[in-house]
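The next block holds one structure in the form of structure tokens; read it before the comments.
Numbering (our numbering), first residue to last: 140 to 267.
Put into structure tokens, the structure is as follows:
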């Protein structure tokens with residue numbers, strides 16, 4: 140199954156000092172409505188019904204509560220095969236976050252939780 144052309148695929152290998160945790164995670168943060176009908180089975184969506192009870196302040200607070208998704212943002216040494224440390228693939232409204240001087244986590248911390256429609260986590264290797 141292929142994703143819409145606006146998405147790319149990357150496999151993440153997250154290294155921890157205690158555990159090597161392979162994770163194939165792509166985070167898609169939807170601030171405005173978007174449709175991914177062609178990839179329904181490969182995407183798990185987390186909407187306000189999931190995260191409202193946690194009282195999140197920013198998008199980072201939401202992502203940190205999603206199983207294994209927060210690890211992509213929280214590991215200082217997170218990098219994908221062939222990618223540099225700043226290349227965790229996080230899309231906002233279908234466009235990659237480009238944060239040369241700031242981390243992806245810094246960019247997401249500036250998005251208020253009430254502006255997040257949903258967070259889609261796409262697991263596995265995909266090609267656009």
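We put the CB at the ideal spot given by N, CA and C, even for glycine.
These numbers come from a predicted model, not from an experiment.
Non-local C-beta neighbours of residue 195 in its own chain, meaning closer than 6 Å and more than five positions away in sequence, comprise 201, 252, ordered along the chain. In this structure, the alpha-carbon of residue 181 lies about 19 Å from that of residue 235.
Excluding five sequence positions before and after residue 197, the CB atoms of its chain that fall closer than 8 Å to its own CB belong to 247, 248, 249, 250, 251, 252, given in chain order. In this structure, the beta-carbon distance from residue 260 to residue 183 falls below 8 Å. Membership of residue 184 in the beta strand (DSSP E) is indicated by the continuous run 182-185. By DSSP's assignment, residue 251 forms a beta bridge with 197. In this structure, the alpha-carbon of residue 233 lies about 12 Å from that of residue 258.
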